[in-house]
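Protein chains in written order, with the working numbering: chain R, 1 to 841; chain B, 1001 to 1841. For every residue, glycine included, the Cβ atom is placed at its ideal position computed from N, Cα and C. As the structure is a prediction and not an experimental result, all values here were calculated from the model. Notes follow the structure.
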């Protein structure tokens, strides 16, 4: 897999052939195990198994993740200050059930050295199953066929199912199959190829990676193994969270065999010793159940595992495969996006959508982590990624999942209130990154200072309610989020006197982390204004139409007279920075006073900037990690004129590095809207292949969930031109020049609509539910069931040509540990010359 | 000791009687051991022994410090980023030689429970010796007189001398005296009363305290004990620094006695068992030598200890006492400041000056730490405190010591060049806090971002050269500092285009740590301008008058043509923020846009602010930890008009909390200059009693060296009205209303002058050396030896009355561990009300 600058197909097609419904690998390689383990991971939002090979060895890092199952640790700040985050939270690499080792003639199958006549690994998007099929020629020349399957169930979120079939193709042989349930103590065992230190005195670091828990995390609680079943349980040492894992094994074969069972604290295994005869398959079926809890005794979790396993035993494993196919079919029915005429792009699009399914569908009582359940990157934390990048997709395709994610935020309110108090603010302040609800960001300048998380959550909530009509949820729970976040904003900002007093918000960090702790960040102010407006509007609405519930709200939240009006007043008075000279919106009040970083003069090896420059250096310049004003142009698009959007986009795009994977998809949307259509496609590809082509060099830590959601947004909002301002669906499409058509699904107020965009027309078909009203380029249309509406299009919006877009498709094909490369290379160096683009000479 | 708001004498005089030449304690108390251990510490700049009692127990924290002897550790940032400080440096609590235990009738003397008939402890400023005398009535009713002395030698910097004399006053008794050389492993032993954790689940923290090294620091290298001598040696585990400690014991008595000697890795002791007869004294003399090194083998250090001890053995201990008195006499001859008519104030003044002597006189190859050698606060680090607060005193009283401190900075240049490179800057960037020369500040916003350290060092260098005429030092070494710091400024700043292009410096933190990472901090810009100007002026001067040396400089520093002119251009173009509306200089470009913190509404228990509010909250407001613009008004006083000084002072004084001990003395100087003379005296007292009255609640961590230096500055610059702008000495005095007179010494270009300020006149007398030219209120006078000049004064400057100065004498008399007091008090709290002074309602 190589990253070609801007090329639409950066995958090595001799190894990963194009398949619109699957990610296929036809040749084994040990070169990029970390990446392929991420790409071939299976998950359901609750349970995730990385794409490690069954044989255990030959791995970058084993990974099994249970959403929200984390360990805590005391953050030790090198210099402490009041209010700094205190409790570190790290997702636990859970005990592994993937490992099934194979021995033929006592010789182990090791993919890295095996003579493979055939190898095929396929992650099928239609049924959600990972299949591998290979023919192994052993050292003694015997050919062995191995076929395996693996998935995590969408029907039963606690369940993983595996099958492992071995057939001697020529000749007989003793075959041993050793299937394990193994607690590796957080991924560190003799099998790992992951280096734990550069070993050359340098300290490797990448702030985007998880910190390592240094002490034993999982304390064994019980272990048991019977004839067909084994169950082990643990408790996390500090967080006291509990976990039980149960595994059922069955074997089906005409060969003679014997069985050995073993169980101890961190390991249970089932070994089948088979006298395998040519042509007589050996089929081992392995069914695993994971149950976790914040505090329920493991005894109880062990029982839950038994019940889950019993149900599968009754129904049979093939029923599980069937239900998985049904669930995936339903997912595609409501979520598929089709780019006609570009099968490679279509494959990548579906891979991204499939990741959204894997990361979210059965999350339920937890959040959607930045890596889903596919890796330990960012320590398994939940950020604004879920609200701004994933929830739009869910709201318009699987709204009940969006609702669950929002309810999870609602349950976080008590912790957010405590955090607000600690930060000397009223209302509630959601943590920038967290699992448990406590702030876990140890670097406040790019963490706690991102107060906009409050508005992001409120924003997603309001979009959910306006897209679904689920007013009941807003009245019963959601509005509490609006009230408490609005209170925080009203308290955080202040009125600056003047001819026209304005409401200012100082000392915050916007989405772009290449500036920090600024005054009046445009994104923050606009999102806060929306937050305040929505809180006021919903409170007034509930007071009018749901008087009983409003009375409860007043009592419960101690809502004071005048508070609601005050929010509206703050919103109306919100300061919006604008530079009359340049005719652009400054990213923050003083952004334009900074020097402009000379990206053209910054060598490739100095990127991403965050790994090569001290924050103080980066913060001093006009240079962006990710879209910030441009993100506001999208999310608060109805607040900007067409001209302002273009001016802002043209100003910010050339100084945006895209060092964050959250950037390209937003840039794609706004490039499309203002008319840079080729550039939009380039950015779309930069988002589409973030993981598939490992564009940021860290796909081995897990998928980039925000980017996968952003791919959907870029398709639907960007090219489809959909907007959802003011509770209405509008369309102003931007079909890429060489795309024959684009189709996608949108669920709105319970109805499901298929949108088909072609060069000369856009059509809407109700597939499910009642009529939907849409507006296309200002004209209103009512789409009724059974009566598709076709609307002709004169063009696909303005088309601007220009040499914007300096963001390369960064990263490289090989995984690398990012280490200090600047450091202290030359003690005698006296003069500058390290290309930081300082324009002072 | 109680802190009375503004009261001139906050000491409990029943316990600490007034004595102009000593700090005396006439009653033992275990209530404030941490404070008195600091107040009664002895040191010489190289070696410091805290004022622990000889008996070992009954202590807050044992402390023995060797300047620069430190351990290193890897700083683990909870979130890492490029260029963050990596190597922590912590001064080691060195092995203790103070302990001499006494047993009478096998009963130990324990001060906390002993029946003391008499107790007197005196730190004598004239001879630098700590004496203690007590009469103990044992449980069996016998009266025992114990007299001890202790000092660290100013003649032999490696030497500490102790005597311990026991006399049975009535009756005989078996007496045991156990004298120890003990490595307590960094202060933690069974004797300590210091709590290591609150134990209630809260995490106590005070960012001003040293972090604890968790592993064994000192690795034993050798131990040896002979008849009279014992020598132990260690190596620090990580820093590889080495240390040897040797002790000689002698006993002198007419009683019968036997001797036991014991030595092991971390302990050597000499026990005298004496059949003590009434009235026959037992005198034990203990002489200790400390030798440390960055890497010399301990064998060699052991030899050095032997040589030091041999010399004392030859000369006799009483000669050491005599030399100590001589050295102190010489110190007072050149440094004494006399406030007539106020013996209590005079005592406190001398205590502060004595601390300056103890912290600096024999520093030599090291720096002057924030706590001198009196405690482990701030981990033994060197900050700008030495250059801005201590070097003025040294330059004008002991210039050779100032020279040593500046040479130490010169030796730090290679590390500062590496740091500049790491920070993407040209030239050299001195570390904000360090021992080894590497940046040790783990919180960059109030550390690395204080780029002004570069200018502070250049400033002190230039003042030293202009005050001493030591041009040779400037030409040979000093100018390299000027060149490299000027390069850093030129590279850090940039030209902002406009009608009149200006040189801007963005993203720095000034002295006031209650705002951070701002643009165009006034203090920084003015100090940088001075730095650039001085570098250009000195380079031109050397080029003209020292052509050979200039050629060497050009070659060695790769000085390029035009570079010097460019510095001058940057200096001339330096942006100086000024607000035409308010007629004040903003602390930084956007300071006045912030909300004003309502200090009047901030409850006392919420102070100091840094222990009760998150930095993000504090940074958002106009509120100061310490003087910033006001410090610039003093240091760059010739750059401001009289009106500007008054306007700025009146603006900033009411929003300055004085939460830093560096603030009050500067506020005193400028209050005096602009005319708030009563307020000046209040601030002077706030500085004078920082440690003596434990005004900041942390005197137990060691003395506040900057404040002690600031006391001298407040006397000489503040009340004496001396200024040293443009290489000239000028005077515009401000004698406090109820002070009959003030006299002080000033050494200038080798001559020593006594200045005597009275209400109606100021007089100058040359005590040593040649003539000195001074200007008094604009009129020039030549003071020649043997011809004192008396100049009549009409007044003591303007006198303004006003209710400025909201800074209380904060802190309290009892030591307390500062713990989270806000935290999470009320999970159900929903509305604000924690008095953060948010003025938005």
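Reduced DSSP category for residue i - H, G, I as helix; E, B as strand; rest coil
i, result
"residue 1139(B)", "coil"
"residue 1818(B)", "Interpretation of residue 1818(B) is limited by its pLDDT of 25, a score under 50 that renders its predicted location unreliable; no figure is taken from the coordinates."
"residue 466(R)", "helix"
"residue 1579(B)", "strand"
"residue 1351(B)", "helix"
"residue 168(R)", "strand"
"residue 963(B)", "No statement about residue 963(B) is possible, as the shown extent of chain B runs from 1001 to 1841 and does not include it."
"residue 99(R)", "coil"
"residue 1734(B)", "coil"
"residue 586(R)", "coil"
"residue 1388(B)", "helix"
"residue 1494(B)", "strand"
"residue 1065(B)", "strand"
"residue 249(R)", "strand"
"residue 201(R)", "Here the model assigns residue 201(R) a pLDDT of 28, short of 50, so the residue's position is not dependable and the matter cannot be decided."
"residue 1487(B)", "helix"
"residue 660(R)", "coil"
"residue 621(R)", "strand"
"residue 651(R)", "helix"
Rounded straight-line distance, which links the Cα of residue j to that of residue i
i, j, result
"residue 267(R)", "residue 298(R)", "17 Å"
"residue 382(R)", "residue 739(R)", "35 Å"
"residue 1747(B)", "residue 1771(B)", "11 Å"
"residue 1115(B)", "residue 1138(B)", "7 Å"
Distance cut-off 7 Å: residue i Cβ against heavy atoms of the ligand FMN
i, result
"residue 304(R)", "Among the components of this structure there are no ligands whatsoever, and the ligand FMN is therefore not found."
Cβ-based neighbour list, residue i, same chain, cut-off 6 Å, excluding 5 preceding and 5 following
i, result
"residue 1513(B)", "1446 and 1625"
"residue 521(R)", "508, 510 and 588"
"residue 1077(B)", "1084"
"residue 1348(B)", "1688 and 1692"
Buried or exposed by the 16-neighbour rule on C-beta atoms within 10 Å, applied to residue i
i, result
"residue 735(R)", "buried"
"residue 1270(B)", "buried"
"residue 578(R)", "exposed"
Contact set for residue i: own chain, Cβ-Cβ below 8 Å, skip 5 residues either direction
i, result
"residue 1374(B)", "1038, 1041, 1043, 1048, 1050, 1063, 1065, 1355, 1358, 1359, 1702 and 1703"
Cβ neighbours of residue i in the same chain (closer than 7 Å, five flanking residues each side left out)
i, result
"residue 1597(B)", "1621, 1622, 1623, 1655 and 1837"
"residue 236(R)", "71, 92, 217 and 218"
"residue 255(R)", "274, 275, 276, 277, 280 and 282"
Three or more C-beta pairs below 8 Å linking the region 127 to 138 of chain R and the region 216 to 230 of chain R: no
Three CB pairs or more closer than 8 Å across the region 1362 to 1381 of chain B and the region 1747 to 1763 of chain B: no
Validate contact between the region 53 to 60 of chain R and the region 95 to 112 of chain R using beta carbons, cut 8 Å, 3 pairs: yes
Three or more C-beta pairs below 8 Å linking the region 309 to 318 of chain R and the region 378 to 396 of chain R: no
Touch test, the region 1287 to 1296 of chain B against the region 1232 to 1247 of chain B, Cβ-Cβ under 8 Å, three pairs minimum: yes
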